[in-house]
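In our numbering, the protein residues as written are 834 to 1108.
Below is one structure, written out as structure tokens, with a few remarks after it.
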């Protein structure tokens, strides 16, 4: 574990606020200068690398936009955020959907400690005591990450050392997660992709495809859809998956803020990517 150091310049308008290591992650807290990046959607944001950890203006052009679009297509009931991080997705969902209730699961206590210190997570918990519950727990441990009757939706953002956790390349893991979702519920997953720079020798694109293939095996080929957040085949491509039948696009759009409606028509069958 490394104690926070005084702020230092990283170059390109980035300022290192703090840095720490845990048994699970090596993470840096970075501020993005509005002077160096005035037009970037993350300008004035604070980042918990490799995860965004403060709510910028919509759209963020990241998978957090997609997580925030999930509640309108779910049945009533609580949501789970597996891989809570510093709470970026939770902030967006709570702000955009007043009826949402979230259980967040984070394995790394260091991440939660820094989130409360640097990203006002404690304030978020205090403002929403009935809508947000954060658990220091293994998101893949069944009894520790479940609720009676099942979750209405799962948002899955599980990374270890910069790569999607290996368990998510196993169809049995997805079958178990499927069992934690109530009838009509859905799972949305950050798959990573070419944009991921893992701290180990696992190619981000190969891991993404293996994860998507395991989901297809568990949910069925016609029940998994995928969306690319990149520019089509570039190194910045990242992917998000959604389970269940594809919703009616017009009904979905009507329940979203304008900044998120453009994503609705971008979902494609997973078979388009796994050919």
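Backbone N, C-alpha and C fix where the C-beta goes; we use that ideal spot for every residue, glycine too.
Three-state class that DSSP yields for residue i in the structure shown
{"i": "residue 1055", "result": "helix"}
{"i": "residue 971", "result": "coil"}
{"i": "residue 905", "result": "helix"}
{"i": "residue 1025", "result": "strand"}
{"i": "residue 1087", "result": "helix"}
{"i": "residue 1102", "result": "strand"}
{"i": "residue 1071", "result": "coil"}
{"i": "residue 1093", "result": "helix"}
{"i": "residue 953", "result": "coil"}
{"i": "residue 1082", "result": "helix"}
{"i": "residue 1063", "result": "coil"}
{"i": "residue 925", "result": "helix"}
{"i": "residue 1006", "result": "helix"}
{"i": "residue 891", "result": "coil"}
{"i": "residue 920", "result": "coil"}
{"i": "residue 1108", "result": "coil"}
{"i": "residue 941", "result": "coil"}
{"i": "residue 976", "result": "helix"}
{"i": "residue 1048", "result": "helix"}
{"i": "residue 910", "result": "coil"}
{"i": "residue 1036", "result": "coil"}
Integer Cβ distance of residue i from residue j, believed to fall under 8 Å
{"i": "residue 1107", "j": "residue 1045", "result": "6 Å"}
{"i": "residue 823", "j": "residue 922", "result": "Only positions 834 to 1108 of the chain appear in the structure, and residue 823 is not among them; the question remains open."}
{"i": "residue 913", "j": "residue 992", "result": "Going by Cβ atoms, the distance from residue 913 to residue 992 rounds to 16 Å, so no, they are not a contact pair."}
{"i": "residue 1058", "j": "residue 1102", "result": "6 Å"}
{"i": "residue 929", "j": "residue 986", "result": "That belief does not hold up - the Cβ atoms of residue 929 and residue 986 are roughly 14 Å apart, past 8 Å."}
{"i": "residue 927", "j": "residue 964", "result": "6 Å"}
{"i": "residue 1047", "j": "residue 1001", "result": "7 Å"}
{"i": "residue 1104", "j": "residue 1037", "result": "Between residue 1037 and residue 1104 the Cβ distance is about 21 Å, and since that is not below 8 Å, they are no contact."}
{"i": "residue 954", "j": "residue 916", "result": "Contact doesn't hold; Cβ gap of about 15 Å is too wide."}
{"i": "residue 967", "j": "residue 945", "result": "7 Å"}
Residue i Cβ short of 7 Å to the ligand FAD heavy atom set
{"i": "residue 944", "result": "Annotation note on the ligand FAD: not contained in the displayed structure, which lists no ligands."}
Bridge partner(s) assigned by DSSP for residue i
{"i": "residue 966", "result": "936"}
{"i": "residue 1014", "result": "984"}
{"i": "residue 989", "result": "915, 1022"}
{"i": "residue 1076", "result": "1057"}
{"i": "residue 996", "result": "993"}
_Inter-stretch contact at 8 Å, needing at least 3 Cβ pairs: the segment 1019-1026 / the segment 924-940_ = Result no; under three Cβ-Cβ pairs closer than 8 Å.
*Count the C-beta pairs between the segment 1000-1009 and the segment 1041-1056 that are closer than 8 Å, then say yes if the count reaches three, no if not.*
With a cut-off of 8 Å, the segment 1041-1056 and the segment 1000-1009 count as touching, because enough Cβ pairs lie within range.
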